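Okay, structure first, notes after.
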Amino acid sequence: MKTEILKLLRERGDYISGQELCNKFGVSRTAVWKVINQLKEEGYGIEAVQNKGYRLKVNPDVLSASELKSRIQNKWAGKNIYYYEETGSTNTDAKRFGEEGAAHGTVVVADKQNAGKGRRGRAWQSPGGKDIYFTILLRPEFVPDKASGLTLVMALSVAQAIESCGLEAGIKWPNDVVLNGKKICGILTEMNVETDYIQYVVIGVGINVNLDVMPEEIKETATSILLESGKKMARAKLLQGVLERFEENYERYEKDLSLANMMEEYNGYLVNRNRQVRVLDPKGEYEGTARGINEYGELLVETGDGQTVAVYAGEVSVRGIYGYV
Ligand code: BTN
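When you line the sequence shown up against our numbering, it's residues 2 to 326, in that order.
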């Protein structure tokens, strides 16, 4: 009932009488009053006026389960949500839920992580109250080879959601989301595979939203939405946008197991496009001009000798020759 009342208050944007709430949920005025008080304790500014009822005046920037459940109306992405004020890593939690049989689309969200994981064994700094850390658990019914495309599908979804909040997001291949040439979002995908069958995939996403000071060691290449736009963004609304986009894009990907029908959109966000890049291939580094991805998510790089190499993510990374992008 708490989630429903919150949703109603937000949608109405005006007063709702206590009586209307009692009738709607078939409960007493005291029961409604108790829920309103719980919401107030969670930081919601709810005004109560005699003869008018209740009105939501201040929606705090929280990622709580009630806030997210009152927003997310997807078919499966985020239908089940686990929220932690603090946890080690949402990827680790999601893998545990994966082992325990949790449903496709289950989302784990944390306000703070104390063992946040990045790619290549790095740590992901995850202070509380400012950013978004979430992981979605998926149970794809396709072969493990096709799972790598999902990371790009998530990058596209994050870029689209940020753009619909009015900011010009880009993607650095394969899956960093950037603003003004600096990273604001990282994605870590992990999988549990049995021979040629995917048990589950977890896609973990960290978005620097309202961080006001970047740690010294990453500030040359990383930034936050607040630092770039000068404005705070409501984290729950952004996460809602990401999950809505992801549900839609995942279903497009699942249909023909190819990025062919998303390639153009993805390439439209690609900040490396038509730029000189250095391909850091353990078998030998080389330079070329990045042209965009193909239907497999590989980056097409034109090398000087008139050849085009399809670079597969995995072991290889790509740097701009003049900096991060
Ligand atoms: C990267 O190195 O770019 C990937 C960073 C991924 C960070 C996110 S935060 C939520 C999820 N939980 C983790 O421990 N890592 C991912």
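All C-beta atoms in this analysis are idealised placements derived from N, C-alpha and C, irrespective of residue type, glycine included.
Here the structure is a predicted model, which means the values were calculated and not measured.
(message) Given 7 Å as the limit, tell me if Lys41 has its C-beta closer than that to any heavy atom belonging to the ligand BTN.
(response) With a threshold of 7 Å, the Cβ atom of Lys41 does not count as near the ligand BTN, since no heavy atom of the ligand is closer than that.
(request) Identify which residue in Leu153, Ala103, Val206 and Ala49 has its Cα closest to the Cα of Ala111. (result) Among Leu153, Ala103, Val206 and Ala49, the Cα nearest to that of Ala111 is on Val206.
(request) Return the CA-CA distance between Phe143 and Met192, expressed in angstroms with no decimal places. (result) Looking at the two C-alpha atoms, the distance is approximately 13 Å.
(message) Give me the DSSP bridge partner(s) of Met234.
(response) According to DSSP, which records beta bridges pairwise, Met234 is partnered with nothing at all.
(message) Taking DSSP's pairing of strands, which residues face Gln114 in a bridge?
(response) Assignment of beta-bridge partners to Gln114 by DSSP yields Thr88.
(message) Quick check: Lys183 and Ala223, are their CB atoms within less than 8 Å of each other?
(response) Between Lys183 and Ala223, the CB-CB gap stays under 8 Å.
(request) Pair every Cβ in the region 72 to 82 with every Cβ in the region 237 to 257, then say whether three or more of these pairs are closer than 8 Å. (result) Short answer: they touch.
(request) Could you have a look at Asn176 and say whether DSSP puts it in helix, strand or coil? (result) Coil at Asn176, not helix or strand.
(request) Please state whether DSSP places Met155 in a helix, a strand or coil. (result) Met155 carries a helical assignment under DSSP once its states are collapsed to helix, strand and coil.
(request) Report the three-state DSSP secondary structure of Gln277 (helix, strand or coil). (result) When secondary structure is reduced to three states using DSSP, Gln277 falls in the strand class.
(request) Have a look at Pro61 and Met234 and give me their C-alpha separation to the nearest angstrom. (result) Answer to the nearest angstrom: the Cα atoms are 11 Å apart.
(message) Do Asn211 and Lys113 count as a contact pair if the criterion is CB distance below 8 Å?
(response) Their beta carbons are not under 8 Å apart, which means Lys113 does not touch Asn211 by this criterion.
(request) Kindly indicate the opening and closing residues of the alpha helix (DSSP H) around Ala32. (result) Counting along the chain, the alpha helix (DSSP H) containing Ala32 begins and ends at Arg30 to Glu42.
(request) Kindly confirm or deny that the region 240 to 250 and the region 160 to 167 touch, where touching means at least three C-beta pairs closer than 8 Å. (result) Touching, yes, given that three or more Cβ pairs across the two stretches are closer than 8 Å.
(message) With the cut-off set at 8 Å, would you say Gly19 and Tyr55 are in Cβ contact?
(response) Gly19 is a Cβ neighbour of Tyr55, given a cutoff of 8 Å.
(request) For the alpha helix (DSSP H) holding Met264, just list the boundary residues, first then last. (result) Counting along the chain, the alpha helix (DSSP H) containing Met264 begins and ends at Met264 to Tyr270.
(request) Return the residue from the list Gly119, Leu10 and Pro145 that minimises the CA-CA distance to Val33. (result) Among Gly119, Leu10 and Pro145, the Cα nearest to that of Val33 is on Leu10.
(message) For Ile137, tell me which candidate among Cys166, Ser149 and Thr91 has the shortest Cα-Cα distance.
(response) When Cys166, Ser149 and Thr91 are compared, the shortest CA-CA separation from Ile137 is found for Thr91.
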